[in-house]
Amino acid sequence: MSQIATDREIDRSKMAVSDEIAIQINKMNKWYGAFHVLRDIDMTVQRGERIVIAGPSGSGKSTLIRCINRLEEHQKGDIIVDGIELTSDLKNIDKIRREVGMCFQHFNLFPHLTILENCTLAPMWVRKTPKKEAEEIAMHFLEKVKIPEQADKYPGQLSGGQQQRVAIARSLCMKPRIMLFDEPTSALDPEMIKEVLDTMVELAEEGMTMLCVTHEMGFAKQVANRVIFMDAGQIVEQNEPEEFFNNPKSERTKLFLSQILGH
Amino acid sequence: MSDTHAQTVAYVRDTMLPEQAPPTTAAGPVRWMRDNLFSSVLNTVLTLLSVYFLWVVLSLVLPWVWYGSWTASSLKECREVVADLGLAHGAACWSVIAERYLQLIYGFYPAELYWRANVTFVLMLVALAPVLYPNLPRKMLWFSVLYPFLAFWLLWGGTLWTPIVAVAGFVLAYVAFEVLYRVAGSLVGVIAAILVPVIWWLLLAAPVANGLASVIPLAIEPVESAKFGGFMLSIIIGVTGIALSLPIGILLALGRQSDLMIVKAICVGFIEFIRGVPLITLLFVASTLLNYFLPPGTTFDIILRVIIMVTLFASAYMAEVVRGGLAALPTGQYEAADALGLDYWKATRLITMPQALKISIPGIVSTFIGLFKDTTLVSIIGLLDPIGLTANIRADANWNGIVWELYGFIALMFFIFCFGMSRYSMYLERKLKTGH
Numbered sequence: 001m002s003q004i005a006t007d008r009e010i011d012r013s014k015m016a017v018s019d020e021i022a023i024q025i026n027k028m029n030k031w032y033g034a035f036h037v038l039r040d041i042d043m044t045v046q047r048g049e050r051i052v053i054a055g056p057s058g059s060g061k062s063t064l065i066r067c068i069n070r071l072e073e074h075q076k077g078d079i080i081v082d083g084i085e086l087t088s089d090l091k092n093i094d095k096i097r098r099e100v101g102m103c104f105q106h107f108n109l110f111p112h113l114t115i116l117e118n119c120t121l122a123p124m125w126v127r128k129t130p131k132k133e134a135e136e137i138a139m140h141f142l143e144k145v146k147i148p149e150q151a152d153k154y155p156g157q158l159s160g161g162q163q164q165r166v167a168i169a170r171s172l173c174m175k176p177r178i179m180l181f182d183e184p185t186s187a188l189d190p191e192m193i194k195e196v197l198d199t200m201v202e203l204a205e206e207g208m209t210m211l212c213v214t215h216e217m218g219f220a221k222q223v224a225n226r227v228i229f230m231d232a233g234q235i236v237e238q239n240e241p242e243e244f245f246n247n248p249k250s251e252r253t254k255l256f257l258s259q260i261l262g263h
Numbered sequence: 001m002s003d004t005h006a007q008t009v010a011y012v013r014d015t016m017l018p019e020q021a022p023p024t025t026a027a028g029p030v031r032w033m034r035d036n037l038f039s040s041v042l043n044t045v046l047t048l049l050s051v052y053f054l055w056v057v058l059s060l061v062l063p064w065v066w067y068g069s070w071t072a073s074s075l076k077e078c079r080e081v082v083a084d085l086g087l088a089h090g091a092a093c094w095s096v097i098a099e100r101y102l103q104l105i106y107g108f109y110p111a112e113l114y115w116r117a118n119v120t121f122v123l124m125l126v127a128l129a130p131v132l133y134p135n136l137p138r139k140m141l142w143f144s145v146l147y148p149f150l151a152f153w154l155l156w157g158g159t160l161w162t163p164i165v166a167v168a169g170f171v172l173a174y175v176a177f178e179v180l181y182r183v184a185g186s187l188v189g190v191i192a193a194i195l196v197p198v199i200w201w202l203l204l205a206a207p208v209a210n211g212l213a214s215v216i217p218l219a220i221e222p223v224e225s226a227k228f229g230g231f232m233l234s235i236i237i238g239v240t241g242i243a244l245s246l247p248i249g250i251l252l253a254l255g256r257q258s259d260l261m262i263v264k265a266i267c268v269g270f271i272e273f274i275r276g277v278p279l280i281t282l283l284f285v286a287s288t289l290l291n292y293f294l295p296p297g298t299t300f301d302i303i304l305r306v307i308i309m310v311t312l313f314a315s316a317y318m319a320e321v322v323r324g325g326l327a328a329l330p331t332g333q334y335e336a337a338d339a340l341g342l343d344y345w346k347a348t349r350l351i352t353m354p355q356a357l358k359i360s361i362p363g364i365v366s367t368f369i370g371l372f373k374d375t376t377l378v379s380i381i382g383l384l385d386p387i388g389l390t391a392n393i394r395a396d397a398n399w400n401g402i403v404w405e406l407y408g409f410i411a412l413m414f415f416i417f418c419f420g421m422s423r424y425s426m427y428l429e430r431k432l433k434t435g436h
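The listed protein sequences correspond, in order, to chains L and S.
The opening position of the first sequence corresponds to residue 1 in UniProt numbering, with each subsequent residue numbered one higher.
The opening position of the second sequence corresponds to residue 1 in UniProt numbering, with each subsequent residue numbered one higher.
Below, the structure is given as structure tokens:
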């Protein structure tokens with residue numbers, strides 16, 4: 001596991017957490033066929049919270065965050081995002097997806113569109129933003145992720161780290177209230193991980209509600225205000241990062257941490 | 001460059017090497033020939049053999065083509081003219097083409113109305129241009145949309161009110177959808193958009209068109225379908241089939257991937273049935289059987305029937321080609337579109353379908369080419385496409401026994417169309433390439 005910590009100075013005072021609830025998950029269960037992937041997940045996310053979800057592969061952490069914007073369907077329990085309950089009602093799903101941005105391990109940029117078009121597409125077609133305004137928004141966020149000069153290129157012409165930053169900008173263009181990250185740095189070369197993490201740290205500093213599945217423990221220590229450890233489809237342990245890393249309670253967590261931090 | 005410290009084992013580069021142009025010996029025709037034609041003894045032998053083979057073939061074919069007679073009035077006369085040339089293998093009798101080319105192009109379309117077919121053809125190129133070359137102004141697409149109706153009127157003649165009334169059906173569908181969509185939701189809107197024009201076309205269109213025609217005729221001389229033939233017929237069937245089979249194929253491909261059980265079952269059933277049946281049987285159904293299923297006394301144009309069958313046949317293949325493209329897309333593309341909040345139709349139209357179509361360009365164009373060549377099968381049910389006309393021409397006592405020149409000419413014409421399509425698809429693939 002790479003452990004490149006970002007070297008930015010973090011002003012934690014800015015990263016306030018409000019009392020308002022962003023995501024509420026009650027007794028949520030999911031099966032793939034007969035395989036019980038997620039078991040009785042209970043979780044509350046406050047607005048402004050930054051949560052890192054860690055765990056061994058196959059523990060259900062990606063599936064969990066993919067349930068939050070209904071890329072995966074849960075079979076039991078409730079998920080309430082931004083006050084809207086996720087059911088099979090398509091209107092609600094669309095409403096939630098508009099407010100929840102997501103970044104994927106493999107970026108999933110649209111290769112047939114330029115960087116700028118990637119960023120303006122959803123605002124124009126989902127939010128009905130006029131083209132000119134959408135382009136201004138897109139350029140604003142591309143500047144934020146520090147690649148405005150690539151706007152007219154195609155995704156295939158960019159490096160992995162640049163593509164992931166574009167993917168973040170593309171999500172931000174929808175002005176989401178919650179951001180989900182599904183292993184955003186796992187497909188990147190070590191040199192590029194830092195540029196993506198820096199972008200994410202910056203986002204955290206602005207008070208974005210973030211759920212991040214990652215193996216970057218440096219990132220977790222630096223910006224998370226809660227680390228959730230999952231194994232075998234359950235939440236095994238959750239705590240503030242300091243406590244979580246220095247004082248793990250469960251044997252499973254200790255084993256996991258010794259394996260990823262031990263070398 | 002003395003940028004290394006040769007005396008020590010440890011190595012530090014203190015100047016980075018600049019980029020350099022490749023050596024000049026890497027280019028030029030001599031170099032090319034050495035690399036591609038004479039790179040080894042075996043390749044040299046193969047090159048020489050190929051050159052010899054080409055020489056033999058061309059030395060036989062080219063004089064045959066070049067010294068052919070264009071003026072003789074019958075095969076017998078032609079053979080005599082050619083024999084006088086004293087060539088070892090004779091020469092071609094192109095005079096059959098010179099005499100019958102108008103028929104091969106227009107069939108039995110009245111000669112004084114050839115201009116209508118010509119205008120239709122030129123307008124077809126105008127209508128195709130904005131579809132093929134996206135750089136042209138998008139407003140030209142309006143003409144492309146109206147072109148089929150105009151072409152129908154120009155070719156078949158009759159009153160202009162028939163195509164106008166047909167277009168009116170689409171306008172009514174749009175109005176019905178817009179009005180009811182706002183009042184009663186999208187489902188009612190879609191149903192109305194289907195029902196209203198169908199009722200219009202079946203019940204009201206004909207009387208309205210006749211009524212208007214009796215006031216202001218706006219008519220040109222009608223030409224019946226039996227007079228259509230030659231390459232004109234091939235192009236009518238081929239181009240209509242191509243234009244319709246792509247959208248139908250796309251819908252079938254989407255239907256086959258749909259989560260809706262009934263839609264999926266219908267699409268799979270349709271595709272598998274059509275693909276499991278030879279085109280020729282469908283054409284026979286179109287020419288004979290279909291009449292048994294229609295109310296007595298209805299006349300249903302034979303060319304229209306054939307176009308429908310050819311289109312259905314090609315769209316089943318098209319659906320599978322497009323499905324291949326959709327299946328080749330990484331699931332991440334679907335997920336990213338979903339995660340951004342795009343609904344199914346927007347995601348399909350903006351994200352997945354453009355990419356799937358791009359992947360399937362070679363397959364799509366192959367299907368188009370196949371369809372265009374399959375139009376020659378209509379000769380079997382008695383339509384006078386170029387192949388159908390050959391029987392006619394060869395039955396003429398003057399040209400009895402001619403084979404190579406006639407079929408060679410038809411093959412050449414088909415080759416030009418198909419090769420054009422193939423080149424266009426390669427241009428499109430290059431143009432749409434966005435990776436490295």
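Note that CB positions come from ideal geometry on N, CA and C, so glycine has one too.
Would you verify that the beta carbon of S/Q333 is, or is not, closer than 9 Å to some beta carbon of chain L?
Residue contact check for S/Q333 against chain L: a CB pair falls below 9 Å.
Using a Cβ-Cβ cut-off of less than 8 Å, give me the residues of the segment 342-364 of chain S that come near chain L, in sequence order.
From the segment 342-364 of chain S, only L342, D343, K346, L350, I351, P354, Q355 and K358 have a Cβ closer than 8 Å to chain L.
Closest residue to L/S159 among L/F181, L/F256, L/E191 and L/S258 (Cα-Cα distance):
Taking only the C-alpha atoms, the option nearest L/S159 is L/E191.
L/K95 versus L/I80 - alpha carbon distance:
Annotation: L/K95 to L/I80 spans about 12 Å, alpha carbon to alpha carbon.
Can you pull the DSSP bridge partners for L/L211?
DSSP output for L/L211 lists L/I51 and L/L180 as bridge partner(s).
Per the DSSP calculation, L/W31 is bridged to which residue(s)?
The partner list for L/W31 (beta bridge, DSSP) reads L/H36.
When the Cα atoms are used, what is the spatial distance from S/F143 to S/L125?
Straight across, the Cα-Cα distance linking S/F143 with S/L125 is about 11 Å.
Collapsed DSSP secondary structure at S/C93 in the structure displayed
DSSP places S/C93 in strand when its eight states are reduced to three.
Can you list, in chain order, the residues of its chain with a C-beta nearer than 6 Å to that of S/I220? Leave out the 5 residues immediately preceding and following it.
Excluding positions up to five away in sequence, the list reads G157.
Should the segment 305-312 of chain S be regarded as contacting the segment 274-284 of chain S, the criterion being three or more beta carbon pairs within less than 8 Å?
Under the 8 Å Cβ criterion, the segment 305-312 of chain S counts as touching the segment 274-284 of chain S, having at least three qualifying pairs.
Select from S/Y106, S/R423 and S/L37 the residue whose C-alpha is nearest the C-alpha of S/G388.
For S/G388, the closest C-alpha among the options S/Y106, S/R423 and S/L37 is that of S/Y106.
Interface residues of chain S around L/H106 at Cβ under 7 Å?
Chain S residues near L/H106: G332.
Environment of S/P222 [buried if 16+ CB atoms lie within 10 Å]:
So S/P222 counts as exposed.
From S/R138 to S/F121, what does the alpha carbon distance come to, in whole angstroms?
If you draw a straight line from the Cα of S/R138 to the Cα of S/F121, it is about 21 Å long.
L/P184 versus chain S: which residues are under 8 Å apart at the beta carbon?
The contacting residues do not exist; L/P184 stays about 13 Å from chain S at best.
In the DSSP assignment, find the unbroken beta strand (DSSP E) run with L/N239 in it and report its ends.
Counting along the chain, the beta strand (DSSP E) containing L/N239 begins and ends at Q234 to N239.
Consult DSSP for S/M16 and reduce its assignment to one of helix, strand or coil.
If DSSP states are grouped into helix, strand and coil, S/M16 belongs with coil.
Rounded C-alpha distance that separates S/F273 from S/M261:
Rounded to the nearest angstrom, the two C-alpha atoms are 18 Å apart.
Beta-carbon spacing of L/M200, L/P184 below 9 Å:
Yes, the pair counts as a contact, with Cβ atoms nearer than the cut-off.
Determine the closest residue to L/C212 out of L/A34, L/P248 and L/L64, with distance taken between C-alpha atoms.
Minimum Cα distance to L/C212 is reached at L/L64.
Would you decide whether L/S171 is buried or exposed? Buried here means 16 or more other CB atoms lie within 10 Å of its CB.
Taking every protein chain shown into account, the CB of L/S171 has 16 or more other CB atoms within 10 angstroms, so this residue is buried.
Do you know offhand how far L/K27's Cα is from L/D82's?
Rounded to whole angstroms, L/K27 and L/D82 show a C-alpha spacing of 18 Å.
Which bits of chain S does L/A122 rub up against, with CB to CB less than 7 Å?
Near L/A122 (Cβ distances below 7 Å), the residues of chain S are L340, G341 and L342.
Indicate the three-state DSSP secondary structure (helix, strand or coil) for residue 265 of chain L in the structure shown.
Here chain L comprises residues numbered 1 to 263, so residue 265 of chain L is not present and cannot be evaluated.
Short of 7 Å in beta carbon distance, which residues of its chain neighbour S/F231, apart from the five on each side in sequence? Order them along the chain.
The residues are L104, I105, P386 and M413.
S/L260 at chain L interface by Cβ criterion, 9 Å
For S/L260, no Cβ of chain L is located within less than 9 Å of the residue's own Cβ.
Nearest neighbour of L/D182, chosen from L/A151, L/P155, L/R127 and L/G101 [CA to CA]:
When each option's Cα is compared against that of L/D182, the closest is L/G101.
To which residues of the same chain is S/L342 closer than 8 Å at the C-beta, ignoring the five residues directly before and after it?
Apart from sequence neighbours up to five positions away, the residues of its chain that approach S/L342 with a beta-carbon distance below 8 Å are L350 and I351, ordered along the chain.
Measure the alpha-carbon distance for S/R31 versus S/L54 and round it to whole angstroms.
Rounded to the nearest angstrom, the two C-alpha atoms are 23 Å apart.
Pull up the DSSP beta-bridge partners for S/D374, would you.
According to DSSP, which records beta bridges pairwise, S/D374 is partnered with nothing at all.
Buried or exposed: which applies to S/Q333, given that a residue is buried once 16 or more other Cβ atoms fall within 10 Å of its Cβ?
By the neighbour-count definition (other C-beta atoms within 10 Å, threshold 16), S/Q333 is a buried residue.
Give the secondary structure of L/M1 by DSSP, where H, G and I count as helix, E and B as strand, and everything else as coil.
No answer about L/M1 holds up, because its pLDDT of 41 lies below 50 and its placement is not dependable.
Touch check for the segment 358-365 of chain S and the segment 425-434 of chain S: three-plus C-beta pairs under 8 Å?
As far as the Cβ criterion goes, the segment 358-365 of chain S touches the segment 425-434 of chain S, which means the pair count is three or higher.
Beta bridge counterpart(s) of L/N26 as assigned by DSSP
Its beta-bridge partners are L/D78.
Helix, strand or coil at L/E85 according to DSSP, with G and I counted as helix
Strand at L/E85.
Please compile the residues from chain L whose C-beta is within a distance smaller than 9 Å of the C-beta of S/A336.
For S/A336, the residues of chain L that pass the 9 Å Cβ criterion are M102, F104, F107, N108, L109, F110, A167 and R170, in the order they occur in the chain.
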